[in-house]
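Take a look at the structure set out below.
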Amino acid sequence: MANHRSPQDSFELYQRVVWFFTTVVAYVTASSVIYILVSHGFLTRSEPLSSEVFAGQHRLNNLILGVHILTALPPLMLGPFNFIRRYLRTRFHRWSGWVYVVTIFISSITGFALATANEYGIFAKLGFATLAVVWFFTTWMALKTARARRFREHREWMLRSYLVTLAVVTVRMLPHPAFLTLDQWYPFITWLCWVPNLILAEFYIRATTYKGRLRSDWRARLLPRR
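Under numbering that gives the first Met the number 0, think of the first position of the sequence shown as 0, with each following residue one higher.
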């Protein structure tokens, strides 16, 4: 039997596959992070587990790191469901949206503090600090446009925000080149974990309509001709 799937149907199938893969990877990442936090006593001990934000005060520094990590997990796990169209006008979407926004605000602020004390040099500090600022800003714009009922813009800012949120996933997926030491490679990680994500978000925003359908001018570029 011939396959009569239209280019638009093919694109929607691709989107579902990407959504499913992203959701699975997000939850696997969150589960592994929770396991690490539990095994380290939720960073309440005094060992110097992270860079020093306050000289010699490792317990306080570790607590800041713990808050940063814990508040990064809810948006990571809730994000995929905020893009399901049938939930957009439900109470779940509104409440999960508020949890998403508030936890990102907390995580980005604590992340900025930690970035300023990064031990891998100014390039690494700028990478994570810029990530924190972009994460806060894109999420704030998503909130602002939602409250103004500018839902088309809200979708675009939410896409940017969540793709930046996925830095917690991509930072763990980046392969370590054998010809670089960790000290040489780490500063690049602080940029590569989120800049490509944001570029991908921009491509997707320009290629799709408000309802997530592929724009006609992009079909010839992205989908094979039959």
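Even glycine gets a Cβ: it sits at the ideal position worked out from N, Cα and C.
Small disclaimer: the values here were computed from a predicted structure and weren't measured.
Using a 10 angstroms sphere on the CB of residue 166, the tally of other CB atoms reaches 16 or more, which defines it as buried. Around the beta carbon of residue 174, fewer than 16 other beta carbons lie within 10 angstroms, which makes this residue exposed. Uninterrupted alpha helix (DSSP H) stretches at least 4 residues long and entirely within the segment 167-202 occur at 181-191, given in chain order. Distance from the CA of residue 62 to the CA of residue 127, rounded to the nearest whole angstrom, comes to 18 Å. Between residue 144 and residue 153, the CB-CB gap stays under 8 Å. Across the structure, residue 70 and residue 213 are spaced so that their CA atoms are roughly 34 Å apart.
Under DSSP, residue 207 shares a beta bridge with 213. Contact between residue 119 and residue 185 holds, with the beta-carbon distance rounding to 5 Å and staying under 8 Å. Look at the beta carbons and you see the segment 129-137 not touching the segment 75-85: under three pairs across the two are nearer than 8 Å. Look at residue 112 here: in three-state DSSP terms it is helix. Less than 8 Å divides the Cβ of residue 22 from the Cβ of residue 79. If you look at residue 164, you'll find it in the alpha helix (DSSP H) that goes 150-164.
Distances from the CA of residue 158 to each of 148, 171, 205 were compared; the closest alpha carbon is that of 205. It is roughly 21 Å from the alpha-carbon of residue 20 to the alpha-carbon of residue 92. Across the structure, residue 138 and residue 104 are spaced so that their CA atoms are roughly 8 Å apart.
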